[in-house]
Amino acid sequence: METVVLKVSGMTCMGCVASVKRVLQGVDGVKAVDVSLEQGLATLQYDSAVVNPARFKAAVEDAGYEIA
Numbered sequence: 000m001e002t003v004v005l006k007v008s009g010m011t012c013m014g015c016v017a018s019v020k021r022v023l024q025g026v027d028g029v030k031a032v033d034v035s036l037e038q039g040l041a042t043l044q045y046d047s048a049v050v051n052p053a054r055f056k057a058a059v060e061d062a063g064y065e066i067a
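Under numbering that gives the first Met the number 0, the first residue of the sequence shown carries the number 0, and numbering increases by one thereafter.
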């Protein structure tokens with residue numbers, strides 16, 4: 000199990016947090032997601048044999064947010 004922390008910009012409310020969390024949880028291989036509005040961070044635990052972090056960036060950007 001690997002852990003990655005992503006800097007997410009564009010989140011302004013708890014609805015944004017829920018959206019980011021939902022899209023990241025929908026990526027195959029993701030085991031756990033924590034998203035902090037205050038810090039602008041998404042912390043993920045994932046199976047590196049199934050998915051790589053580039054997929055997380057694409058999922059977040061497809062939802063309308065940016066990865067710094």
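Yeah, the Cβ is synthetic: ideal placement off N, Cα and C, and Gly gets one too.
Measuring alpha carbon to alpha carbon, tell me which residue in V59, Y64, D46, V16 is nearest E37. V16
In three-state terms, what does DSSP make of A62? Of the three classes helix, strand and coil, the one that applies to A62 here is coil, per DSSP.
Can you have a look at M10 and say buried or exposed, based on whether 16 or more other CB atoms are within 10 angstroms of its CB? buried
Once DSSP output is grouped into helix, strand and coil, what is the label at S8? Assignment of S8 by DSSP, reduced to helix, strand and coil, places it in the strand class.
Identify which residue in V26, V19, D46 has its Cα closest to the Cα of S8. V19
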